[in-house]
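Quick notes on the structure that follows.
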Amino acid sequence: MQVRCVNGSRRNKSVSGYTLIELSVASSITALTALLVVSGTRALVSRSSLQHGKADLVSALLEARRLAFLSGDVAGVVLRPGADQITIESSYGVSRRLIGGGARIEKSPARGRVSFRASGLADNATIRLSRTGSAHETVIVVNQRGMIR
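Okay, so the sequence shown: first residue is 1076 according to the working numbering, each after it adds one.
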């Protein structure tokens, strides 16, 4: 295809293809989109891992409460700051569980233990979980009536 220039000369112009500017803009948009997706995915994975760890901890607390009811005695969960595992102690014995999702205990009760009694009462406790290398955290609360939130 021939195009007539402003000064009257003629030159051949290719109809197909993209200019360097068009390719640069398209690659910039693609890179920016990829960056946003990766950063959003990283935060989502971090929160998901914390929820997995929270579910493991709540399960251990519920198990200790169940064992206290069954045994008619005190059962407890031992929690150590910085640990990635939980110890359940009852008259039936001791068992250990790992906290999943790379979560660790950030803050535990001062005594390092949450006790449940056969009457249904429990120690008040606030437990904070976090994931190594992440700013996200989650909190689990056990109240005096043995309710876990």
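By construction, the Cβ of each residue, glycine as well, lies at the ideal position given by its N, Cα and C atoms. If you're wondering where the values come from, they're calculated on a predicted model, not measured in any experiment.
Distance, Ser1124 Cα to Ala1130 Cα
10 Å
Contact the region 1205-1213 vs the region 1149-1156: 3+ CB pairs below 8 Å:
no
Would you call the CB atoms of Ala1135 and Ile1163 closer than 9 Å?
yes
Among residues of its own chain, excluding the 5 on either side of Glu1181, which ones have a beta-carbon nearer than 7 Å to its beta-carbon?
Pro1156, Arg1203, Leu1204, Ser1205, Glu1212
Please state the DSSP three-state secondary structure of Gln1219.
coil
Can you give me the C-alpha to C-alpha distance between Ala1178 and Ile1161, rounded to a whole angstrom?
12 Å
Enclosing beta strand (DSSP E) for Gly1168 [first to last residue]
1168-1173
From Ser1183 to Thr1201, what distance separates their C-alpha atoms?
6 Å
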